[in-house]
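In the numbering used here, the protein residues as written are 702 to 1059.
Working notes, beginning with the structure itself.
Below is the structure:
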């Protein structure tokens, strides 16, 4: 392992340690294979040098047109195809394990669940932005199993952002994976209803946290995992369900899962709407999040989420397209966009928003 100046980095080099910016936010994870985009990100943050592994990984480039968007290039890349294949395989495995648990055996191998989920964040999959990957797979069927996998992965990354230790990261990952298993017993006609739920139907859906808790209650799992299943719809202002708890009574892992759950649900396609742009979700969190969510968790989540989209191409609500070049720390949903030769500070444009990530 050696330390290399950023100006001397080349695609294929592998980071030997996590790289943080001046705000102590993770920019690039350890074990990431550098791409031109990743190197540009280091330059943007004025990172002087990076610890690099001795090996250099050959990464074949997919030939695409110059004017294709980052999202289109990503979907054509071998990295995305590899991740999508692995994600589908691991989700099927997760489904089999949970169905077996709910069915006759009643056994749950938590270690195996975590190991399989984390395989998506290891080796060659680790050098791509997992949020980019999940965002690009939003056309997939976002059933309960897929949602649980997404939330498990998001909680794992979230825990790393919070600098949790390995056991805490494992607990956060399992909390995300298992938080919604009670929905498996719910009628599909309610879960997939294209219109607004009736009061009775919504009442049925609101029973899933207690159902999830009952399914996990008698198993030798960390109590935080069980609490996350029960409390992930509780809100700090007491407006949540099923118990109407306030902040002091809500398990910290449930607070993490609540944020990851809402983020994934809102950025995923639903039978009654398409996926929302992540910046619309961030705006929603900014508008109501500090009453409903613990600032200890919502602030680092939003700050790190926004950082993952720095230098991404976006489309604005006025139809113009540009690149995110600066994150506004006081209004995270309103970064500065470079459109051609001009710069648009969205925080000074009250009626202009990011409509889509390209």
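Glycine residues also receive a C-beta, built at the ideal position from the N, C-alpha and C atoms.
Alpha helix (DSSP H) runs wholly inside the segment 855–940, at least 4 long, in chain order: Fully contained in the segment 855–940 are the following alpha helix (DSSP H) runs of length 4 or more, in chain order: 867–879, 889–892, 900–906, 909–917 and 924–932.
Residue 1006 - containing alpha helix (DSSP H), residue span: 996–1009
Buried or exposed (CB count within 10 angstroms, at least 16 for buried), residue 954: Residue 954 is buried by the Cβ-count criterion.
Between the CA atoms of residue 900 and residue 733 - distance to the nearest angstrom: Rounded to the nearest angstrom, the two C-alpha atoms are 48 Å apart.
Beta-carbon spacing of residue 1017, residue 1058 below 9 Å: no
Outcome for residue 1051 when other beta-carbon atoms lying within 10 angstroms are tallied against a minimum of 16: exposed
For residue 761, three-class secondary structure by DSSP: Caution is warranted here: a pLDDT of 46 is assigned to residue 761, below 50, making its placement in the model unreliable, and no coordinate value can be reported.
Whole-number beta carbon distance between residue 1025 and residue 1033, since they are thought to touch under 8 Å: The Cβ separation is near 11 Å, so there is no contact.
Nearest-angstrom Cβ-Cβ length linking residue 959 and residue 994, presumed shorter than 8 Å: 7 Å
Close Cβ partners of residue 856 (< 7 Å) along its chain, the five nearest in sequence each way excluded: Counting only Cβ-Cβ distances below 7 Å, and skipping sequence neighbours, we find 873, 874, 876, 877, 957, 958 and 961.
Closest residue to residue 747 among 753, 730 and 724 (Cα-Cα distance): 724
Terminal residues of the beta strand (DSSP E) in which residue 706 lies: 703–706
Residue from 922, 835, 848 and 992 whose Cα sits closest to the Cα of residue 966: 848
Option in 781, 984, 784 and 711 with minimal Cα separation from residue 750: 711
Contact the segment 890–910 vs the segment 778–790: 3+ CB pairs below 8 Å: Contact between the segment 890–910 and the segment 778–790 is absent, with fewer than three C-beta pairs closer than 8 Å.
Start-to-end residues for the beta strand (DSSP E) that takes in residue 1037: 1037–1040
Reference residue 968, options 838, 918 and 942, closest by Cα: 838
Neighbour-count burial assignment, residue 912, 16 or more Cβ in a 10 Å radius: buried
Cα-Cα separation, residue 715 to residue 755: 8 Å
According to DSSP, residues forming a beta bridge with residue 1057: 1016
Host alpha helix (DSSP H) of residue 1024 (start-end): Element bounds for residue 1024: not the alpha helix (DSSP H) but the beta strand (DSSP E), 1022–1027.
Beta-carbon contacts of residue 834 that lie in its chain and below 7 Å, excluding the five residues immediately before and after: Result list for residue 834: 781 and 784, in chain order.
Buried/exposed call for residue 859, threshold 16 Cβ in 10 Å: buried
One or two residues paired with residue 729 in a DSSP bridge: Assignment of beta-bridge partners to residue 729 by DSSP yields 720.
Nonlocal neighbours in the same chain, by C-beta distance under 6 Å from residue 1040, ignoring five residues either side: 1021 and 1023
9 Å Cβ cutoff met for residue 1002 and residue 964: yes
Spatial neighbours of residue 738 in its chain, beta-carbon cut-off 6 Å, leaving aside the 5 residues before and after: none
Residue interval of the beta strand (DSSP E) (run including residue 951): That residue, residue 951, is in no beta strand (DSSP E); it is neither H nor E in DSSP.
DSSP state of residue 846 mapped onto helix, strand, coil: helix
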